[in-house]
Amino acid sequence: VTDPTIKQVEVQFTDQEQTIEDMLMLQDIELEESTQNVIEKMGETASLSKEVTSPEVPIPKPPRPLPIPLPYHTVSGLYVGRGGVFECHLRIDVDSRNPLRKVSGDFYQASGSTLIYVGSFIVDSITLTATNTEIRIEGMGTYTWSAGAPKVQITIRRTFLFQPRAAATLQFFTTSGQPGATYVCQFTSIYFRKVDFEEDRETGVTPFVSYNTGSLPSGGPSRILSVASAYAEAGIEFRISTAANEIDNSGAGPDAKWSDSELHAIMQKNFSLWADIPQWKVWQFAAFQHEIGPTLYGIMFDQLGKQRQGCATFYIGIGGSTTDKQRLQLYTHVHELGHCFNLLHSWQKSLATPPSADRPKSLSYMNYPWRYPDGGPAGFWNNFPFAFDELELRHLRHGFRDNVIIGGNDFAIGSALTAIDDPQAFAPPVVDGSGLELTLRTPKETYMLGSGIVMEIKLSNNGSKNTPVVADCNPRFGFVQVAIRDPAGNIYRWEPMMQYCIQPTITTLGPKKPALYESVYLGFSKLQGVVFNRTGTYNICAVYSAMDGSRVRSNILPVVITPPMNSTDQKVSQLLNHPQQVALLHLTGSDSPVFDEGNKALDELLRDHRDHEQATVVEFVRGIHAARNNKTIEDGRVTVLRKADPRQSIELLSSVLEEKNQTLDNISLADAANMLILQKKLQGDQKGAKSTLNQMVEVMSNNIKNPEILESIKYRANRTLESQDIRQVTSSIYRHRIHR
Amino acid sequence: MEDRVISLHIELQDGFEDDTVVIKVYNNGNQIFDKTQAHVTTNLAISLARDSTGQYSIFQLTKIQSGEVEVKVNIPSKHLADGYKFIINSRTYLAISIAEREPPNKKIMFVKSNEPFPHL
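In order, the protein sequences belong to chains A and D. To convert, take the position in the first sequence, counting from 1, and add 147; that gives our numbering. To convert, take the position in the second sequence, counting from 1, and add 7; that gives our numbering.
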C-alpha cells in the first residue's frame with residue numbers, strides 16, 4: 148500500500164472486539180499523530196531555514212489508554228430500511244471485529260412485484276462521534292450513479308446489551324448541506340453480507356472441515372477456522388446448504404481428471420441453487436484431480452455465462468491429515484472462494500478493471516506462499532494471520548454489489564454496461580413476482596453480414612391469473628426497451644428512428660390469451676445507424692415495463708453475424724449494409740429524396756439478385772410501401788406525390804410468401820399475407836385473395852405449432868378478406884410498422 | 008559431461024493477452040523443441056496461460072541431456088523476444104511470464120525452479 152492515508156488507518160488483525168470508544172480513541176490518536184507530524188515537519192523546515200543543527204528531542208506520544216468495556220451493543224452490521232420506492236441495505240463497519248471505519252450500502256427499487264438493484268455507495272473516510280446516547284457517522288459518499296445529495300450522515304441510538312439493537316437513520320445531504328432522502332434502517336445482522344454455500348465432493352475425497360491456526364507458527368492468534376468461520380471473520384455469513392452431493396466419477400476410470408468445462412457442467416447439474424443470474428449463492432467442489440495435474444490445488448473455473456459461481460479444490464495436491472496439509476486445505480478453500488467474490492491474486496491487482504496497486508507482499512489468503520518475496524513459503528506461513536488484507540476486506544464488505552456478488556460482473560471486471568446511462572437498466576430483477584415472461588427470438592441464429600434481421604418479441608403469462616398488460620410491446624412505443632451487446636463488448640440501447648407517444652392499449656394475458664407477439668426490424672438504431680456492422684456474436688436483451696411497475700427482463704438472444712461467403716453474398720452485403728438502406732428497411736420504405744442512394748441500392752438488389760434470400764426482406768418492405776400513397780402538404784393542401792401501386796405490391800408480396808428460407812419472422816409473413824389479401828381485394832380479385840389466405844395458412848402451419856396462435860392468425864386474415872373497411876385493415880398492418 | 012536423461016517442464020504463466028508465443032529449446036546446441044501457440048491468454052484464476060481452445064500452455068520435455076539448455080521465446084504480438092540459458096542436471100521447472108503490462112518496461116521473465124509451480 149503506497150497511500151500513507153491507507154497506512155494510517157490500517158488495523159492490525161485482532162480477535163478482540165473493538166468498541167466505539169476504542170475507535171474514537173484511535174481516531175483521536177491518529178488526529179494527534181497527524182497534527183504532531185505537521186508540527187514536526189514545520190519544525191524541520193524552521194530548523195533548516197535557521198540552519199540550527201541541534202539534535203531533535205523526540206516528543207513523547209501519549210500512551211494509548213486501555214479501553215474500558217462498556218455494556219453497549221456494537222453497531223456494526225447490516226441494516227435494511229425502505230423510503231418511498233427504494234429499499235436500502237446499509238452496512239456500518241465502525242466497531243466489532245477488524246472495523247474498517249467505513250459505511251456502504253446498496254439500493255434496490257421496488258417496482259410492482261419486482262425488486263431491482265439500483266446502485267451502491269461507499270463512504271471511505273468517515274468522521275465518528277459518540278455521546279452516551281448516540282453515535283453519529285458522517286462522510287462523503289462515492290456512488291455508482293451521479294448522486295445529487297452525496298453527503299452521508301448516519302445516527303444510531305446507543306443501546307445496552309440487554310436492550311434490542313436500535314435502527315440506523317441514514318440521511319443524505321447535498322454538498323451545500325440541503326437535506327436529501329432519509330431512510331430508517333432496522334438492524335438485520337452482525338454480518339455485512341449473507342451467502343448460501345453449497346459444497347459437493349467427489350467420492351473418495353475427505354473434504355476439509357477445520358484447522359487450528361495455532362498448530363503451526365503463524366502471524367495471527369490461535370483459533371479454529373472452518374471455511375465458514377474464516378469468512379465470518381471477514382464479515383460474510385456463510386449459510387451452509389444441506390443439499391450437498393457426493394459425485395461418483397468412477398465411471399471415468401481410475402485416472403479420471405476434471406477439465407474446466409466438465410467442472411462447469413457438473414456444477415450446473417449438482418449445484419441445487421444454481422441459476423445463470425447474479426445471486427449470493429456459491430458452490431465449491433472438493434474433487435480429486437484436474438487435468439492440469441497434481442500441482443493445481445484449486446480453480447475458480449466458472450468463466451462462462453454468469454461467472455464466478457463455482458470453484459473446485461483438488462485433493463491429490465492438498466489432501467491429507469497432517470497439520471501442514473490441513474493448513475493448505477483451509478487456505479486453498481478460502482482462496483478459491485475469494486476468486487468467486489471477484490478477488491484477484493495479490494500480485495495481479497493491477498490487472499483488475501479498474502486496476503489497483505499490486506501487493507506481492509500481502510499476507511493474505513489471495514497470495515501464493517511460494518511467491519512471497521520475504522522468505523518464500525516459510526516467510527509467508529510464519530507471518531500469515533489467516534485473513535484477507537485490508538483492501539480485500541473493503542471489497543468483500545463494501546465493494547459495489549455487482550463487483551462482488553457471485554455471478555455479477557465478469558471475473559476481474561468492475562463494470563460491463565458502461566455505454567448505457569443506467570448500468571442496471573437490463574439487469575435481471577432480484578425478485579420477480581410479476582408472472583410475466585418476455586421472450587426474444589429470431590427465425591435463424593446465424594446471419595450473413597448485411598442481412599435484414601427481424602426479431603420476434605413475445606410477452607406471455609404462463610400463470611393461472613389474468614394480468615393486464617400494455618398490448619403495444621413494439622419497442623417503438625417505449626414499453627419495451629432493447630439493449631444490444633456487440634462482438635467487441637460494447638453495450639448500447641437500441642432506439643427506433645421515431646419514438647411513438649401513444650395512449651397504450653390495455654389487454655389481459657391469462658389462460659385464455661396467454662401471449663402477445665410483436666416484430667421489430669433491428670438493423671437500424673437511431674444512435675448507431677447500422678447495428679450489425681461487423682462479424683461476430685451480438686447479444687440482445689429487452690425489458691418490458693409492466694403496468695404495476697414491474698420490469699420483466701427477457702432472455703439474452705445471441706445473433707451470430709458471419710462474413711459473406713462468395714462474391715454474390717459480398718455484393719448483396721454491400722448493397723444492404725449502409726445507413727440509408729437499413730433506415731429504409733426500418734421505415735418500411737420511403738420516397739424521400741434523402742434516401743435516393745439507398746433506394747437505388749435496393750433497386751439494384753431486386754434487379755440483379757432477386758434470387759438471393761436477402762431479397763425477400765427488400766421485397767417485403769417494397770411490397771408494403773407500394774401499397775400506400777405517398778403524400779405531402781403543399782399550400783395547406785394534401786397532395787399525392789405517388790399513387791399506391793397495387794400491382795407492384797401484389798407482385799412483391801407474392802414472392803415473399805413463396806420464399807422458402809424463413810428469412811422473415813411469422814408476424815412479418817402474416818402482415819405480408821394480409822396486405823396481399825387486401826391488395827387483391829382492391830383489384831377485385833376475391834378468388835386470388837382467398838387463395839392467398841389458404842397459402843398463408845399452409846405456410847404458417849409449417850412454422851407455428853400452437854393451434855391457438857394459428858387460429859388467431861387465420862381469424863385476422865379472414866377479417867381482412869371480409870372487411871369492407873380498408874382503412875381499418877391497413878392500420879392494423881401498419882401498427883406493427885414504422886411508416887412515414 | 009554427465010550423460011543423463013532428464014525432463015524440463017515449461018509453462019506460460021502471467022501477462023499473456025491473446026498473444027502468439029513461439030518457444031524454441033536447444034539442448035547442448037541441438038534444437039529439441041519448437042512450438043508456436045496462438046491466442047494465448049493468462050487465466051487469472053490460476054495464473055496459468057491457455058489458448059483459445061482451453062489448452063493450457065504447459066510443455067513437458069523429456070529426454071533432455073544434462074548440460075546446457077537455452078530457451079528462446081518470441082512473442083511477436085508484443086514485439087518481445089528473449090532467451091534464457093542455464094545448466095540442467097536434474098528435473099527442472101521453468102515459468103515464463105510477461106512482466107509489466109505497459110512498454111517500455113514490458114519484458115519476458117523466466118523463473119527456474121527444482122520444484123513444480125503450484126497453482127490455485
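Here a beta-carbon is modelled for each residue, glycine too, at the ideal position from N, C-alpha and C.
Cβ-based contacts, 7 Å cut-off: residues of the stretch 494-525 of chain A near chain D
Hits within the stretch, in order: 495, 497, 498 and 517.
Name the chain A residues whose beta carbon is nearer than 7 Å to that of residue 124 (chain D)? Result: 442.
Measuring only the C-alpha atoms, how far is residue 675 (chain A) from residue 425 (chain A)?
Straight-line Cα distance between these residues: approximately 29 Å.
Taking 6 Å as the line, does the beta carbon of residue 415 (chain A) fall inside it for any heavy atom of the ligand NAP?
What this structure holds is no ligand at all, so the ligand NAP is not there to describe.
field: CB contact check: residue 446 (chain A) to chain D, cutoff 7 Å
entry: It does: the Cβ of residue 446 (chain A) has a partner Cβ on chain D nearer than 7 Å.
### Query
Going by C-alpha distance, which of A:432, A:338 and A:412 is nearest residue 386 (chain A)?
Per the Cα distances, A:338.
(Q) Measuring only the C-alpha atoms, how far is residue 107 (chain D) from residue 17 (chain D)? (A) Roughly 20 Å between the two C-alpha positions.
Hey, does residue 8 (chain D) have any beta-carbon neighbour from chain A nearer than 7 Å?
Confidence is the limiting factor: at residue 8 (chain D) the pLDDT is only 46, short of 50, which leaves the residue's position unreliable, though a coordinate-based value still follows. It does not: the Cβ of residue 8 (chain D) has no partner Cβ on chain A nearer than 7 Å.
Q.
Between residue 63 (chain D) and chain A, is any beta-carbon pair separated by less than 7 Å?
A. Answer yes: the Cβ-Cβ gap between residue 63 (chain D) and chain A drops below 7 Å somewhere.
**Q.** residue 243 (chain A) to residue 466 (chain A) span [Cα, whole Å]
**A.** Roughly 35 Å separates the two Cα atoms.
State the beta-bridge partners of residue 81 (chain D) as determined by DSSP. BP columns for residue 81 (chain D) point to D:29 and D:88.
Among D:114, D:74 and D:117, which one has its Cα closest to the Cα of residue 96 (chain D)?
-> Distance from the Cα of residue 96 (chain D) is smallest, within the candidate group D:114, D:74 and D:117, for D:74.
- prompt: Do residue 388 (chain A) and residue 449 (chain A) come within 7 Å of each other at the CB atom, strictly closer than that value?
  reply: No, the pair does not count as a contact, with Cβ atoms beyond the cut-off.
**Prompt:** Within this structure, are the beta carbons of residue 510 (chain A) and residue 530 (chain A) separated by less than 7 Å?
**Reply:** Contact flag set, yes.
Which residues, taken in chain order from the stretch 39-54 of chain D, show a beta carbon closer than 7 Å to some beta carbon of chain A? Shown in chain order are the members of the stretch 39-54 of chain D whose Cβ falls below 7 Å from a Cβ of chain A: 51, 52, 53 and 54.
Based on DSSP bridge pairs, tell me the residues matched to residue 588 (chain A). Residue pairing of residue 588 (chain A) in beta bridges, as defined by DSSP: A:603.
> Who are the Cβ neighbours of residue 799 (chain A) in its own chain at under 7 Å, not counting the five residues just before and after it?
Replying inline: Within the same chain, residue 799 (chain A) has close Cβ partners 766, 769, 770 and 773.
* Who are the near neighbours of residue 199 (chain A) in its chain, counting only those whose CB is closer than 7 Å to its CB and skipping five residues on each side? -> Model confidence at residue 199 (chain A) stands at a pLDDT of 36, short of 50, so the residue's coordinates are unreliable and nothing is read from them.
Inside the stretch 372-404 of chain A only - alpha helix (DSSP H) runs reaching at least 4 residues = If only uninterrupted alpha helix (DSSP H) runs of at least 4 residues are considered, those enclosed by the stretch 372-404 of chain A are 374-380.
With a threshold of 8 Å, are at least 3 pairs of Cβ atoms found where one atom belongs to the stretch 633-645 of chain A and the other to the stretch 605-619 of chain A? By the criterion of at least three beta-carbon pairs nearer than 8 Å, the stretch 633-645 of chain A is not in contact with the stretch 605-619 of chain A.
Quiz item: What is the DSSP secondary structure of residue 115 (chain D), counted as helix, strand or coil?
Solution: Assignment of residue 115 (chain D) by DSSP, reduced to helix, strand and coil, places it in the strand class.
Query - Integer-rounded CB distance, given that residue 704 (chain A) should sit under 8 Å from residue 811 (chain A) - result: About 17 Å; that fails the 8 Å criterion.
For residue 725 (chain A), would you say it is in contact with chain D, using Cβ-to-Cβ distances shorter than 7 Å as the test?
No, residue 725 (chain A) does not count as interfacial toward chain D.
Between the C-alpha atoms of residue 409 (chain A) and residue 240 (chain A), what's the straight-line distance to the nearest angstrom? Taking the Cα positions, residue 409 (chain A) is about 40 Å away from residue 240 (chain A).
- Query: Do residue 167 (chain A) and residue 282 (chain A) have their C-beta atoms within less than 7 Å of each other?
  - Reply: Against a cut-off of 7 Å, the Cβ pair of residue 282 (chain A) and residue 167 (chain A) comes out as a contact.
Item to complete: Could you give the DSSP three-state label for residue 565 (chain A): helix, strand or coil?
Response: Because residue 565 (chain A) carries a pLDDT of 32, less than 50, the predicted location of this residue cannot be relied on, and the following value inherits that uncertainty. In this structure, residue 565 (chain A) counts as coil in the three-state DSSP scheme.
TODO: With a threshold of 16 other CB atoms inside 10 Å of the CB of residue 551 (chain A), please say whether the residue is buried or exposed.
DONE: With 16 or more other Cβ atoms within 10 Å, it is buried.
- List the endpoints of the continuous alpha helix (DSSP H) containing residue 730 (chain A). First-last of the alpha helix (DSSP H) with residue 730 (chain A): 726-734.
Check your understanding: Looking at the unbroken alpha helix (DSSP H) that takes in residue 21 (chain D), where does it start and where does it end?
Key -> Premise fails: residue 21 (chain D) is in no alpha helix (DSSP H) and is neither H nor E.
Alpha carbon to alpha carbon, how far is residue 29 (chain D) from residue 63 (chain D)? Give it in angstroms, no decimals.
If you take the alpha carbons of residue 63 (chain D) and residue 29 (chain D), they lie about 15 Å apart.
Sequence ranges, beta strand (DSSP E) only - wholly within the stretch 226-266 of chain A, length at least 3: Taking only runs of at least 3 residues, the beta strand (DSSP E) segments lying wholly in the stretch 226-266 of chain A are 233-240 and 249-258.
**Prompt:** Got a sec: is the Cβ-Cβ distance from residue 303 (chain A) to anything in chain D below 7 Å?
**Reply:** The Cβ of residue 303 (chain A) sits no closer than 7 Å to any Cβ of chain D.
- prompt: Are there 16 or more other CB atoms within 10 angstroms of the CB of residue 422 (chain A), so buried, or fewer, so exposed?
  reply: When all chains shown are included, residue 422 (chain A) counts as exposed.
In terms of DSSP beta bridges, what is residue 120 (chain D) paired with? D:100, per the DSSP bridge assignment.
> Tell me the DSSP bridge mates of residue 615 (chain A)?
Replying inline: Answer is A:655.
- [ ] Please classify residue 341 (chain A): does DSSP put it in a helix, a strand, or coil?
- [x] Here residue 341 (chain A) sits in strand by DSSP.
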